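Notes follow once the structure below has been shown.
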Amino acid sequence: MPASVAGPEIERLIQLLARLPGLGPRSARRAALHLIKKREPLMAPLASALQTVIETIQVCGTCGNIDSQNPCTVCIDPRRDASIIVVVADVADLWALERAHAINGRYHVLGGTLSPLEGVGPQDLTIDALVSRAHDPVVKEIILALNATVDGQTTAHYITDLLHDAAVKVTRLAHGVPVGGELDYLDDGTLAAAIKQRTPF
Ligand code: ZN
1 MPASVAGPEI ERLIQLLARL PGLGPRSARR AALHLIKKRE PLMAPLASAL QTVIETIQVC
61 GTCGNIDSQN PCTVCIDPRR DASIIVVVAD VADLWALERA HAINGRYHVL GGTLSPLEGV
121 GPQDLTIDAL VSRAHDPVVK EIILALNATV DGQTTAHYIT DLLHDAAVKV TRLAHGVPVG
181 GELDYLDDGT LAAAIKQRTP F
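Here is the structure:
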């Protein structure tokens with residue numbers, strides 16, 4: 001254990017920063033020092049922004065998105081296509097799809113994927129709420145935008161079975177060659193999936 005170079009208040013700040021994803025102890029120290037040096041232009045506004053978020057953060061009662069209002073900005077946006085619901089495991093996936101301007105529909109955040117090994121069952125996810133949303137006559141398509149992992153695909157199959165009596169088309173993301181990808185560098189599973197799911201040119 002290296003000796004502390006700062007008082008307990010600063011050490012506490014460093015320890016908290018080190019818990020952030022992508023920051024280890026070294027970069028947490030660097031970030032803390034940067035914040036301390038930039039107290040006025042950065043640290044004070046950051047502290048105030050954190051406090052505001054703590055006071056306003058809400059989980060959308062419709063889709064499970066995280067926002068400062070409930071229903072969330074996406075759910076109340078009239079320019080969104082209400083006939084499409086994109087199902088994602090996590091809010092991070094919703095943000096990724098929005099960043100890519102991938103689709104102009106609405107979302108449903110499951111809160112994870114089914115994982116027997118980690119003890120995650122259907123009751124731990126918002127699957128029931130999704131099934132009831134799928135029965136809304138406005139909804140025409142459910143896009144399963146889940147990870148191409150065993151758990152992600154197990155979840156996709158489970159949801160597809162539950163939706164068989166809803167009047168919706170259930171689709172999932174294509175598997176295949178990434179944009180800018182070279183065939184020679186792809187793993188065997190991706191290459192096989194890309195051939196199997198080939199599309200007319
Ligand atoms: Zn919402």
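In the working numbering, the protein residues as written are 1 to 201. In this text, a Cβ means the ideal position worked out from N, Cα and C, and glycines have one as well. Since this is a predicted model, take the numbers as computed values, not measurements.
- Of 110, 115, 119 and 86, the smallest CA-CA separation from residue 104 is found for 86.
- Shown here for residue 108: same chain residues with a beta carbon closer than 6 Å to its own, the five before and five after excluded, namely 63, 85, 87 and 130 in chain order.
- A Cβ-Cβ separation of about 6 Å places residue 140 in contact with residue 168 under the 8 Å criterion.
- Judged by pairs of C-beta atoms under 8 Å, the region 160 to 179 touches the region 132 to 151, as three or more such pairs exist.
- Sequence-distant Cβ neighbours of residue 10 in its own chain, meaning closer than 8 Å and more than five residues away, are 32 and 36.
- Judged by DSSP in its simplified three-state form, residue 12 adopts helix.
- Within 7 Å of the C-beta of residue 65 there is at least one heavy atom belonging to the ligand ZN.
- Annotation for residue 94: the continuous alpha helix (DSSP H) segment containing it runs 91 to 99.
- DSSP places residue 85 outside any alpha helix (DSSP H); the residue lies instead in the beta strand (DSSP E), whose first and last residues are 81 to 88.
- As computed with DSSP, residue 105 is found in a beta bridge with 81.
- In this structure, the beta-carbon distance from residue 56 to residue 48 does not fall below 8 Å.
- At a cut-off of 7 Å, the beta-carbon of residue 78 does not count as near the ligand ZN: no heavy atom of the ligand is closer than that.
- Residue 74 has its Cβ nearer than 7 Å to a heavy atom of the ligand ZN.
- Cβ contact annotation for residue 155 (same chain, cutoff 6 Å, sequence separation greater than five): 113, 114 and 146, in chain order.
- Residue 127 counts as buried, since no fewer than 16 other beta carbons sit within 10 angstroms of its beta carbon.
- If you draw a straight line from the Cα of residue 24 to the Cα of residue 15, it comes to about 9 Å.
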